[in-house]
């Protein structure tokens, strides 16, 4: 490597490191300070907690006053159930749209693409009315139904691309083998869609887990709040209690960060798989 | 085991005619190869026999039964795909038995068939492996095994060797020929490779632009092509063509003349003065010392040396190129002027519409 | 001639095909129509009604829209929110996308080490909830904590610090930049993916032609990923004109100070649900949602007609 190349490589890394610091710095700052005593938070905000400044008082308070575990389990239920249904229904619909030619299939694809571009949020007024009259307001079911409807169009779009990549010969071979259509989907096509799960997950799980709007308008009691809404409400109430606020923020951040770091390779592979062009 | 009869089969995609009035009879146990340039409709014909593509008109009978309305699985066929189409998430054994589950074959019978096919194709060691762990040749054998266990009336092969490298292609070709000898089953085999067609087929079906150009035994196609297309398609390098005209007719004997070659006599009673003809001679039939009515002169421009023989590209008097195969160690040198001669049996004559003119010379 | 869909279907009896389609498409279509399309349509229908104090609804045609666009009581906050939203979008387009493109370009440099690490770290904020991000920045920029002021002081720019989020003049741009900080990962990743799709041979050919990395990026890579950049732009547009969470969690429904950070999403929420200052008005809320729908629709159409059709896509 010549000196010039070395200098260029060095400056590229310098830029990337600087931006990386900008990206994680604020997150790190919040998490770090959540483990410190109040005086240390203000006295030396940039210093990591040490033996003299370490404190869990914020966390204790959050656990005492907020139903944080309920929020977590609500978020988990809503996200996982929605994700499963989006994948199942989405893959089935994508299969029918890519594999079977029928009158109106183009119109149907167009109909579905409305949902990719137009945010379902704009229908909130009617959604709330519907859920109220169906007796579903303030339930997790209401959230799940809305999230499935929200996630389906994009997942159908992504899964269609994946299904098209499955060699046509494979389905023809299954037909020559006498496999019934429904089992061709479930036993030949569906198992091959596993790599698509990561991509669909990025586009459905993340927005669902992080959503504030629908929990805000569809749930009203503590027992149905999700993490995002629960923490948001908690923050509003305890805005002057810095220990608790930082602890609550960290508790919302940490699980996502941990899961993200574990799965980041798959998630990014899913994102860059070329399914979205 | 069964025969296959195709009558007036048509296929259109919108306004495009892909297959045009195909009629074909395939006998029980016959190995038939469909060959033709890409886009000629040979794969479509195979897929229609399989039931994967629907017909726009016409009938397909397998074992005497009309199968037009039957699903692929009900037709008694098995297909080997170009891409092998092995289920990637199932091991070899599962790949072979998967289809049998749905056609009501009992488990013990499935096992027996898999064991037999595995023995025949030397797959015993591979039964628990997944397709991703197999080489191209092994995948090919699994694909054939999956077809065998179905015990079909007709085997359909869609360019099965085109994804293999050259050496493997030759050995697999031999294996397929052996397999046909053992199973004695009816096989329809699609390829664009004429060597595969010539070596494997009992009969070859040459297709072009959705039509059948000629059906016949390999050597019949080679020695007596029915038309210009078949003449040009079969054989490598391709046959040389010379434009010609009938100059004179005397008691069933026509004098044929054209630019670039010496005029010669041809005993063809059907010809009349002024008929436009195409004379075809294969490069391997043009020789220096040979004796015959057809003689062409040219200047050697380029020589391709293959080892056992060489191809010489010569420029004729009318400034076009023709090819001659020269056997032996001595190769022509560029710039050399040569007169090449072909025997009467090796001169093919086609009329203005491209059809073979029968001549007494052949007899 | 390959057919896009299996031909076998054309031979299938009608009834069987219908049953199959119902089985495969039924669940998705049911949920989607009922909870996505129907609410959108119902909301639009609702926007032509008004409710009297007894709760009964009356059809009033386009009166809600006339009020929103013309009646000062409604139109002043509406146009304010619209203008703010445009600024919000402009900041994203001018800051988020160029940074995203630049980072993607750097990440796709051949032979770059620690690529995976950078990618992971830089995409991290995008994974977090807007609420959490907004609140964290709220704390960091707060004069009470003094982290931002301290950081500026260490680089001798202490005098530049101001409570940006609290000032009418800077609150909106600050919030926009927080949003940019969070979402820069999306253009970065999409463009990065598009850059990876460019065949190496093409880049090698350009290098043989004597182009440096920067020129290759400018003259070869950038034109080839233009479709992705335009896609990113329209995604940004839709997301921005639908944004809500960030403003709501940092500034509350009133989008202070003095509505300086009010955008269409918060205006919609306030109109629909009400707040300390006014009662909720679902029909007027529906009208706001309908207008937002049309804004997004107009943007999409402009994109499809003006951009999408003119951009040439290259097959590799």
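Protein chains in written order, with the working numbering: chain A, 1 to 277; chain B, 1001 to 1363; chain C, 2001 to 2316.
Each residue gets a CB set at the ideal place from its N, CA and C atoms; glycine is no exception.
Owing to the predicted nature of the structure, the values given are computational and were not obtained by experimental measurement.
Query, Result
"Less than 8 Å between CB atoms is the rule here; does residue 1077(B) satisfy it with respect to chain A?", "yes"
"Check each candidate in 1153(B), 1354(B) and 1012(B) and name the one with the smallest Cα separation from residue 1029(B).", "1153(B)"
"Using the Cβ count rule (16 or more neighbours within 10 Å means buried), how would you classify residue 254(A)?", "exposed"
"Check residue 1020(B) in the structure and name its three-state DSSP category.", "strand"
"Please say whether residue 1090(B) and residue 1081(B) have beta carbons closer to each other than 8 Å?", "no"
"Could you check what DSSP says for residue 63(A) in three-state terms: helix, strand or coil?", "helix"
"If we count the other Cβ atoms within 10 Å of its Cβ and call it buried at 16 or more, is residue 1213(B) buried or exposed?", "buried"
"Taking 8 Å as the CB-CB cut-off, is residue 2031(C) touching chain A?", "yes"
"Taking the alpha-carbon of residue 187(A) as reference, which of 1088(B), 1216(B) and 1321(B) has the nearest alpha-carbon?", "1088(B)"
"If I follow the unbroken alpha helix (DSSP H) through residue 1245(B), where does it start and stop?", "Taken as a continuous stretch (DSSP letters only), residue 1245(B) belongs to no alpha helix (DSSP H), being part of the beta strand (DSSP E) at 1240-1250."
"Just curious, the beta strand (DSSP E) that residue 1158(B) is in, first and last residue?", "1154-1158"
"Only counting runs of 4 or more residues, tell me where the alpha helix (DSSP H) segments fall wholly within the segment 1156-1185 of chain B, in order along the chain.", "1166-1183"
"Are the Cβ atoms of residue 218(A) and residue 128(A) separated by less than 8 Å?", "yes"
"I'd like to check one pair, residue 26(A) with residue 2176(C): are the Cβ atoms closer than 8 Å?", "no"
"DSSP state of residue 276(A), grouped into three classes?", "Only weak support is given to the placement of residue 276(A): the predicted model assigns it a pLDDT of 39, under 50, and the question is left unresolved by the model."
"At 8 Å on the CB atoms, spell out the chain B contacts of residue 188(A), in chain order.", "1087"
"Determine contact between the segment 1216-1227 of chain B and the segment 1242-1249 of chain B, defined as no fewer than three beta-carbon pairs at a distance below 8 Å.", "no"
"Mind the definition here: the segment 249-269 of chain A touches the segment 96-113 of chain A only if three or more C-beta pairs lie below 8 Å; say whether that holds.", "no"
"Roughly how many angstroms separate the alpha carbons of residue 1132(B) and residue 1241(B), rounded to a whole number?", "48 Å"
"May I ask which residues mark the beginning and end of the alpha helix (DSSP H) holding residue 235(A)?", "227-237"
"Identify whether residue 2244(C) lies in helix, strand or coil by the three-state DSSP scheme.", "coil"
"Check distances from the C-beta atoms of the segment 1097-1126 of chain B to those of chain A and list, in chain order, the residues that come in under 7 Å.", "1098, 1099, 1102 and 1103"
"Could you pull out every unbroken beta strand (DSSP E) segment of at least 3 residues lying fully inside the segment 2037-2112 of chain C, listed in chain order?", "2049-2051 and 2057-2059"
"Would you say residue 1179(B) reaches chain A, if we count a Cβ-Cβ gap shorter than 8 Å as a contact?", "no"
"Can you give the beta carbon distance from residue 1280(B) to residue 1350(B), rounded, assuming they're within the 8 Å contact cut?", "7 Å"
"From which residue to which residue does the beta strand (DSSP E) around residue 1010(B) run?", "1004-1013"
"Under the rule that 16 or more other beta-carbon atoms within 10 Å means buried, what is residue 2155(C), buried or exposed?", "exposed"
"Residue 1040(B) by DSSP, collapsed to three states: which one?", "coil"
"Name, please, each residue of chain B whose Cβ falls closer than 9 Å to the Cβ of residue 192(A).", "1087, 1088 and 1089"
"What would DSSP say about residue 98(A), mapped onto helix, strand or coil?", "helix"
"What would DSSP say about residue 1208(B), mapped onto helix, strand or coil?", "strand"
"Just how far apart, CA to CA, sit residue 22(A) and residue 1093(B)?", "55 Å"
"Would residue 1083(B) count as contacting chain A if we go by Cβ distances under 8 Å?", "yes"
"Residue 2103(C) and residue 2188(C) - do their beta-carbons sit closer together than 8 Å?", "yes"
"Check distances from the C-beta atoms of the segment 1042-1058 of chain B to those of chain A and list, in chain order, the residues that come in under 7 Å.", "1050 and 1052"
"Keeping to the same chain, check which residues put their C-beta closer than 6 Å to that of residue 2001(C); ignore five residues upstream and five downstream.", "Model confidence at residue 2001(C) stands at a pLDDT of 32, short of 50, so the residue's coordinates are unreliable; what they give is reported in the following sentence. No residues qualify anywhere along the chain."
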